[in-house]
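Quick note: the sequence shown uses my numbering, first residue 14, plus one each step. Beta carbons are placed, not taken as given, at the ideal position from N, Cα and C, and that holds for glycine. Since this is a predicted model, take the numbers as computed values, not measurements.
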Amino acid sequence: MIRFYTLILCLLSSGANAQHWGSNYISFDPSDTFGLDYHQYIFVDSTYTYNTWQVGAPHKTVFTSAWPARNAIITDTVGHYPANDTSVFILKFPGYLTTEFGAFSQLRFWYQLDIDSGDIARVEMSLDSGISWLNLLDSLPPSFYWTSGTPVLTRSTTGWNQFTLLWGRDNVAPDSTMYFRFTFISDSSDSIKDGWMIDNLELDYSSESVPKLQNPNLISVYPNPSKGNIYIHTTKQYADAKLTVYNTLGQEVYHTESPPQNGYLNLPLSSGTYTLKYFGGDEYCVKRIVIDR
Numbered sequence: 014m015i016r017f018y019t020l021i022l023c024l025l026s027s028g029a030n031a032q033h034w035g036s037n038y039i040s041f042d043p044s045d046t047f048g049l050d051y052h053q054y055i056f057v058d059s060t061y062t063y064n065t066w067q068v069g070a071p072h073k074t075v076f077t078s079a080w081p082a083r084n085a086i087i088t089d090t091v092g093h094y095p096a097n098d099t100s101v102f103i104l105k106f107p108g109y110l111t112t113e114f115g116a117f118s119q120l121r122f123w124y125q126l127d128i129d130s131g132d133i134a135r136v137e138m139s140l141d142s143g144i145s146w147l148n149l150l151d152s153l154p155p156s157f158y159w160t161s162g163t164p165v166l167t168r169s170t171t172g173w174n175q176f177t178l179l180w181g182r183d184n185v186a187p188d189s190t191m192y193f194r195f196t197f198i199s200d201s202s203d204s205i206k207d208g209w210m211i212d213n214l215e216l217d218y219s220s221e222s223v224p225k226l227q228n229p230n231l232i233s234v235y236p237n238p239s240k241g242n243i244y245i246h247t248t249k250q251y252a253d254a255k256l257t258v259y260n261t262l263g264q265e266v267y268h269t270e271s272p273p274q275n276g277y278l279n280l281p282l283s284s285g286t287y288t289l290k291y292f293g294g295d296e297y298c299v300k301r302i303v304i305d306r
């Protein structure tokens, strides 16, 4: 049994050096595509003190074997989940999304649930590196599809079920890094049940040849909130700087190849919350901005 914890801040850097396309698996076994390096993409949120997500072989009442091999990620590999508990792990999609190698990407995995009616199993997605989250079972952004209908995570399963999300890369910002957040919240009753087990995560992706490193201090933006006219202060000067703004669905709503470096930018956007990404050299900075007209 392996128990692992890390801060979400570890998610904020990327490290691909070559452009490639792949359909890869995380089975949590040494024989999978990522081998023992799955911990580069799976992060248990250590801000939850009693987080029960663990990687290992299941030895429980209902969860007796992984799919298809030995290990899975489970809300405790041996004991039942406790009452009034919140357990969270985050999957970082390994690569920037492009259209060069085809029209679609997908996330697919197998899962089992053994839960009470008051328990909550939730899968959320972020298109802006974890700044904002969308509950996938409530609604999907444009160009995202369920291949076999919306998964049901509100009741126990009979054996293994499949979760498959498909999306068109044409409608996703090419510099987006996608995160998926898996949350299990138990109710107040101690029901002696097994919880949630997930295995064989399949990731279809492509990655850019030039990595970008996040530098949260690269720029500062003020005033925030604003009426659209913001001042951008840069700590470094880049000849190749660019700036892109996304709405809460991850759609590009503004882009410029010549953003101000210590100057004002007037954004012709309606009132709302947006994600601003500033790129320069091999660095980028993400800021959440609010426009209130």
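Whether residue i touches residue j by CB criterion (8 Å)
i      : j      : result
Lys300 : Leu282 : no
Thr88  : Gly208 : yes
Ile302 : Gly276 : no
Asp203 : Ala79  : no
Leu140 : Leu214 : no
Asn279 : Asn237 : no
Tyr94  : Lys206 : yes
Leu150 : Val136 : yes
Ile86  : Phe41  : yes
Phe176 : Phe122 : yes
Close Cβ partners of residue i (< 8 Å) along its chain, the five nearest in sequence each way excluded
i      : result
Lys249 : Leu231, Gly293, Gly294, Glu296
Val266 : Val258, Tyr259, Asn260, Leu282, Tyr287
For residue i: DSSP bridge partner residues
i      : result
Ser145 : According to DSSP, which records beta bridges pairwise, Ser145 is partnered with nothing at all.
Thr269 : Leu256
Arg301 : Thr288
Arg121 : Thr177, Glu215
Arg168 : According to DSSP, which records beta bridges pairwise, Arg168 is partnered with nothing at all.
Phe157 : Trp180
Thr99  : Ile198
Ile39  : Leu214
Gln227 : Tyr297
Cut-off 6 Å between Cβ atoms - residues of its own chain near residue i, not counting five sequence neighbours on either side
i      : result
Asp98  : Tyr63, Ser199
Val91  : His72
Leu256 : Thr269, Pro272, Tyr291
Asp132 : Ser199, Asp200
Phe193 : Leu104, Met138
Beta-carbon proximity list for residue i, same chain, < 7 Å, skipping 5 on both sides
i      : result
Thr286 : Thr261, Arg301, Val303
Leu153 : none
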